[in-house]
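Accompanying notes for the structure given below.
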Amino acid sequence: MSFLKELTNQLTGLWGGWSRSQQVIMVVSGVVCLASIIGVGVWATRPEYIALIDHLGPGEAAEVVSTLESAGIDYKLNFSGSAVSVPRQSVSTARLALKDVIDTESTQDESLDGGIWSDPGLSHVRILRQQESRLARSIAQMRTVRNATVHISQPEPTPFVRDRESTKASVVLDLKPGTHFTRADAQSIVSLVSHGVEGLDPMNVTVLDTEGRLLSSTNGFDADVTGQLEYRNRLESDLAAKAETMLSQLLGPGRAVVRVTADVDFTETEREETTYDPDGKVKLSEEVTSEQTTGMQAAAAGPAGTASNVGANALAGSRSPTTTKIESNKTEYANAEVRDKVREAPGKIRRLTVAAIVSLPSATADAGDGTAAAPAPTYDKTQIESIIKQAVGFDLQRSDEIEVLDAPLLGAPEQFAPPEGFAWTQYEKLLRTLSLGLASIVALLLGVLLIRRMKPVIVEAEGAGDGSNDVAQRINSLSMEARENPEALATALSVWLGETETSDDGQAPQTVPGRGKSSARAA
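In full-length UniProt numbering, the protein residues as written are 1 to 523.
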């Protein structure tokens, strides 16, 4: 306590020793320091918001906001209302809450900034995850794909060539039910992924579906048996369809069945040939050397040296005959050379086997009234066989075979001559209009009859006299008398009541004097 008292006395004395301006400066400085401390504390305790979903439409944004509000999760909208941000600690909860509303994984790229405490060395991994997300979104936009997942394996860069490894990628597809995913679609996905990742070779991209089937191939038809079988079935179906289409137009629908079996060679060969033509040789180079020496030449004499063989000191020597002749002719020729490099792609047809069953029409057809119709055109098996050969590309050099059978087909329709009658199709529209008009008239008549039956029915009173007019006149006269003499009406009513009581007792009814006529008329 003594320390606090001494400290308080010192601060009080120090404060009293300052001038007014110094005191003001110290108060302002203290307030600023306190505000700064409070501001830093508030800023440090505020949650960090990260983008959860972006590129939203107005309807989607409203649905997302309502879901987050019902789940009690804080959120923020950007200035355009197309992106929603949530606190970092609530990201997982928000994704679970929105799992049935919108796909948050497909609409949000992972943030490249991992925060101030993130490892800078992991930025490469974050960029790779972002590439995977973008490629998956692009693939999921295909008509036959419901969802896609992309995995990219990219090694760390190294300056040593021997330590470098190639980038690889795999794509898992969730295909839509009822759709046909072709091999061309798989190749397009391989091309998209290989061109979207730096240094990725298309040979290192694998595409498969959620059932574990391999959809991509790295070596054409030799990759798997599934691709070979698909190509063969499509080839056989196309060839058979060509022949059946022609026969159906010639003989009629359902009168021909054609089946084609193809023997396809799926081996891929590459051959290089070099051919030399000796008659077409070409001169490449020619070297000609010719030397000729003739005449007498003096022989050298005296001591060796220049002085003894030049000028006056030259000694006379003997002369000997000299003849020198050198000829050299060297020519190089090259024969004509032709180099052929042939690469045969897989899918070559080695042999075709064609089987057909046709139901040829008879020579005449019954017209239906006992008379013979005009003779129908007749075709024989040879003509039909020739048509099928031309349609499927029959080749005898491949040892192709064909068999045509003329037999009635179970599903073939019988030929009947069309009966000559009235062309109802020309007046179909007119008849439809007339039927609608008749239906409207009938409905109108029925409505009128119903309205008439709904009129009130007047029931005639018993003992009403001669007619309805007489009854009406009596009622009018009684009404007028009642309006003129209400007392008499009251007396008549009392008399009627008395008569009712006396009638119940078995006594005779009494009449009112002076009103007996009116009473009797009323009765």
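Positions of the beta carbon are idealized from the N, C-alpha and C atoms, including for glycine. Bear in mind the structure is a predicted one, so any value in this text is a computation, not a measurement.
By the Cβ rule, the stretch 239-258 does not count as touching the stretch 322-335, because fewer than three pairs are nearer than 8 Å. A contact between stretches requires three or more CB pairs, one per stretch, nearer than 8 Å, and the stretch 14-21 fails this requirement with the stretch 38-57. Residue environment: G212 is assigned as exposed (fewer than 16 neighbouring CB atoms within 10 Å of its CB, all protein chains considered). When R271, N233, S170 and V145 are compared, the shortest CA-CA separation from P177 is found for V145. By a beta-carbon distance limit of 8 Å, R351 contacts D263. Their separation comes to about 4 Å. DSSP places P346 outside both helix and strand once states are collapsed to three, so it counts as coil. Listed in chain order, the alpha helix (DSSP H) runs fully inside the stretch 139-216 are 183-196, counting runs of at least 4 residues. Judged by beta-carbon spacing, Y231 lies within the 8 Å limit of G347, meaning their Cβ atoms are closer than that value. The C-alpha of R46 lies about 12 Å from the C-alpha of D74. From the listed residues T353, Y379, E385 and I357, the smallest Cα separation to E401 is found for T353.
Separation of G196 and R134 (C-alpha to C-alpha, rounded to the nearest whole angstrom) is 9 Å. Here T12 carries a helix assignment [DSSP, helix/strand/coil]. Along the stretch 380-409, the alpha helix (DSSP H) occurs as fully enclosed runs of 4 or more residues at 381-392, listed in sequence order.
When C-alpha distances from D265 are compared across L229, A256 and E272, the shortest belongs to L229. For the pair T149 and T158, the Cα-to-Cα distance works out to about 28 Å. The DSSP-derived three-state label of T93 is helix. In this structure S359 is buried. Its beta-carbon is surrounded by 16 or more other beta-carbon atoms within 10 angstroms. For G280, the enclosing beta strand (DSSP E) starts and ends at T269 to T293.
In this chain, the alpha helix (DSSP H) harbouring L34 covers R20 to T45.
L360 sits in coil when the DSSP states are folded into three classes, being neither helix nor strand. Here the alpha carbons of L436 and L430 stand approximately 10 Å from one another. Straight-line spacing of the CA atoms in I102 and T93 works out to 14 Å. Distance from D209 to L215 at the Cβ level is roughly 6 Å; contact confirmed, criterion being Cβ atoms closer than 8 Å. Nearest neighbour of A184 by Cα position, chosen from E244, M142 and P155, turns out to be M142. For A97 against A51, the beta-carbon gap comes to about 16 Å, at or over 8 Å, which does not count as contact. Judged by DSSP in its simplified three-state form, E487 adopts helix.
In the displayed model, I475 falls within a helix according to three-state DSSP. For A334, the closest C-alpha among the options K341, K283 and P361 is that of K283.
A distance below 8 Å separates the beta carbons of T293 and T322.
A direct Cα-to-Cα measurement between R474 and S494 gives close to 21 Å. When the alpha-carbon of L409 is set against those of G280, M480, L489 and R255, the nearest one is in R255.
For P58, the enclosing alpha helix (DSSP H) covers residues P58 to A71. Here V172 is not near V190, since their CB atoms are 8 Å or more apart. Between E268 and A169, the C-beta spacing is not below 8 Å. Residue state for L235 is assigned as helix, using DSSP reduced to three classes.
Between V342 and K242, the alpha-carbon positions lie close to 31 Å from each other.
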